[in-house]
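Position 150 of the sequence shown, counted from 1, bears residue number 150 in UniProt numbering, the numbering being contiguous throughout.
A virtual CB, placed ideally from N, CA and C, is assigned to each residue, including glycine.
Below is one structure; the comments refer to it alone.
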Amino acid sequence: MQGKSKASQKQTISTSDVKRMKIEPSTTTSAIVDNKTNAKKSFKVLSWNIDGLVEQENTIDIRTRGVIDVIKREEPDAVFLQEVIPIAFDLIRNLLPEYDSYTGNTEGYFVVILTRRELFKAMYKNSIETDLMTSHHESGTEEIASKERMKQLKLCFKHMTDAPSHRIALFGGDLNIREKELQKVGDVPSSIVDLWIATGKRKECTYTWDINRNTNVYYPSTEYRPRARFDRLYYRPSTQTTIQFQPVYFELEGLEKLPSIKRYCSDHWAIQAYFDI
């Protein structure tokens, strides 16, 4: 949801409170599995602002169930959610028992990380250690909002670069960032890659908040229809040469309207990245 100043409630799950994960060999159906070794061969991460603050509160249940249906269909190994409210979180926990959930708090609206229970377990010899981080950054077009956004992004990049070098770091969320702001903070650090760019910058995945395509938000002008790449996924590789964790594909999800309410799950599209491991 755009257009409201939400600095007082902005929340990040970062290295200070996210559980550090160990990706171990698994037979999860969301992955390509080597039948000879029973080892997991792929990894998927999905990030989505699920628009928990939308004014039509009577649609929250239906839209959240739509989000859950997408997660069940796609079976991502890790999920980053933003703008989650308590009623939506209760549905997510109850209807996605195959995932563990982590939050910074559960008051107002907040961010959530979900991890596939059968994948993220105790560390084994061939495990890949991973830091997962999500955040929801300040919206708004005014200068004070822009400055806060840039401050928040710099802090998140620092969390990524400060993570132990042998670990993989994945960070994503609704960052509300503009390209000119990204340049002002010095661009993406050299050790970090933007997963949309790293996988070929597919044009159809450029805009994650797009009034041209998404009709959930009423916009009075017919001449100018705003769209932006507010939602992003970033990856910092491990320095261990024995670890293969290669980004290979990036896509949008949540593109289907829910028939019962003729609305999309959110005013944002979900973004999902694939890795070969």
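- The residue among Phe171, Phe43, Asp69 with its C-alpha nearest the C-alpha of Ile50 is Asp69.
- Pairing Tyr109 with Val84 gives a Cβ-Cβ distance under 8 Å.
- Leaving aside the five residues that flank Cys265 on each side, the residues in its chain whose CB is nearer than 6 Å to its CB run, in chain order, Arg63, Gly66, Val67, Gly254.
- Shown here, Arg229 sits in coil according to DSSP, grouped into three states, outside any helix or strand.
- Short of 6 Å from the beta carbon of Lys154, and not among the five residues preceding or following it, lie these beta carbons of its own chain, in chain order: Val185.
- Closest by C-alpha distance to Leu114, out of Ser127, Glu107, Asn94, is Asn94.
- Between Ile128 and Pro237, the CB-CB gap reaches or exceeds 8 Å.
- Rounded to whole angstroms, Ala163 and Thr239 show a C-alpha spacing of 11 Å.
- In this structure, DSSP gives Asp100 an extended state, which the three-state scheme calls strand.
- Using a 10 angstroms sphere on the CB of Tyr207, the tally of other CB atoms reaches 16 or more, which defines it as buried.
- If you draw a straight line from the Cα of Glu251 to the Cα of Thr199, it is about 10 Å long.
- The three-state secondary structure of Val54, taken from DSSP, is coil.
- The beta carbon of Arg227 sits closer than 7 Å to those of Tyr207, Trp209, Asp210, Ile211, Asn212, all from its chain and outside the five residues before and after it, given in chain order.
- In summary, Ile87 is exposed, with fewer than 16 beta-carbon neighbours lying within 10 Å of its beta-carbon over all protein chains present.
- Closest option to Ser191, judged by alpha-carbon separation, among Cys205, Lys203, His166: His166.
- When the five nearest sequence neighbours on each side are left out, the beta carbons in the same chain lying within less than 7 Å of the beta carbon of Arg202 are those of Phe250, in order along the chain.
- When secondary structure is reduced to three states using DSSP, Gly66 falls in the helix class.
- Taken through DSSP and simplified to helix, strand or coil, Phe157 comes out as helix.
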